[in-house]
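Report on one structure; see the data block that follows.
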Amino acid sequence: MAAPLDGIVLLTGASSGIGMAMARQLAGRSQVLVLVARRVERLEALAAELRAAHPKTTVDVRPADLGDTEAARTLAAAVEADHGRIDALINNAGLGQIGFFEQTDPRQLELMLKVNVIGLSALTRAVLPGMLQRRHGGILNVSSGFGLTWLPMFSAYVGTKHYVTAFTECLRAELRGTGVSACQLCPGPVATEFEEVADNKTGQKTPTWAEISAEKCAAVGLRGFDGNRALTIPGLVAWLAITAGRLTPRPLARFIFSLAARNMRNKLSAPAS
């Protein structure tokens, strides 16, 4: 039986970053590539590029707001009606916020929780029955290194990614022996527009030496999904940082991160010179 990524693939968050890189790497391989995001113009431009380069792959553009659970269910039903099935779901759509929690925009906070948690869950719930009935399919959830550790100034975002990580682990156990897989990709820093669109209140940027490209992250993630790996961490720097974070005793981590947060709060409250 063909790998899920060779068939009908539903990819969310396809208009930029890791999602766009995945779309370019899947085009020419997948039978049908369904691209989902809110930004229609970017989706259409990407679809035109992929159709020109890979005419044998059907590229289907589906603008959707995945913060709306009904929209997620409607999306899955429409794709199954038009293409007959969904072989692979890649839940890549996600939003972030950077800064002290009291600084977060309440409306953006609600949207992030809806997209990162509710939308991902609703879309997974919608596609899973069909996969189980066919005893074939796979779900790749793009979580984060923050789903395996934690860091102040990312509190709500970290919380959503801990949900994705725990959800995927539980789902994977439930699906064992069904012919359907659940895997997760937990990247560290990736060179995307994340920090620009995450309403970064700290003014700090990740150093470029710590980042990997979206293309590398996508390739490693798709390879892990093909191999049915439960967890894929792309990049040596991310792997070392996440491993160190997981091995650090919790009391010591609390102490270190408290000092870092206090230093950042003092820095942000200091008058400009």
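If you want the numbering used here, it's the 1-based position in the sequence shown plus 1.
Cβ atoms here follow ideal geometry from the backbone N, Cα and C, with glycine treated the same way.
Asked	Found
According to DSSP, which residues form a beta bridge with Gln185?	Asn142 and Leu232
Opposite Pro64 in the DSSP bridges: which residues?	Ala38
Go ahead and pull the three-state DSSP assignment for Leu237.	helix
Am I right that Arg108 and Val80 are in contact with their C-beta atoms under 8 Å? What's the rounded C-beta distance?	About 29 Å; that fails the 8 Å criterion.
Going straight from the alpha carbon of Thr179 to that of Gln134, what length do you get?	9 Å
What would DSSP say about Ser16, mapped onto helix, strand or coil?	coil
Looking at Phe258: is its Cβ nearer than 8 Å to the Cβ of Leu152?	yes
Based on the DSSP output, what are the partners of Ile91 in its beta bridges?	Leu12 and Leu141
Out of curiosity, what's the CA-to-CA distance linking Leu149 and Gly236?	15 Å
Which term fits Pro188, buried or exposed, when burial requires 16 or more other beta carbons within 10 angstroms of its beta carbon?	buried
Rounding to the nearest angstrom, what Cα-Cα distance links Asp227 and Ile9 in this structure?	14 Å
State the CB to CB distance for the pair Gly138 and Leu186, rounded to an integer number of angstroms; the pair is presumed to be in contact (CB under 8 Å).	Gly138 to Leu186, Cβ: 17 Å. No contact.
Would you check if there are 3 or more beta carbon pairs closer than 8 Å linking the stretch 37 to 57 to the stretch 9 to 29?	yes
Go ahead and pull the three-state DSSP assignment for Thr193.	coil
Who are the Cβ neighbours of Ala215 in its own chain at under 6 Å, not counting the five residues just before and after it?	Gly18, Ile19, Ala22, Val191 and Thr193
When the Cα of Leu11 is compared with those of His55, Gly85, Gly68 and Glu71, which residue comes out closest?	Gly85
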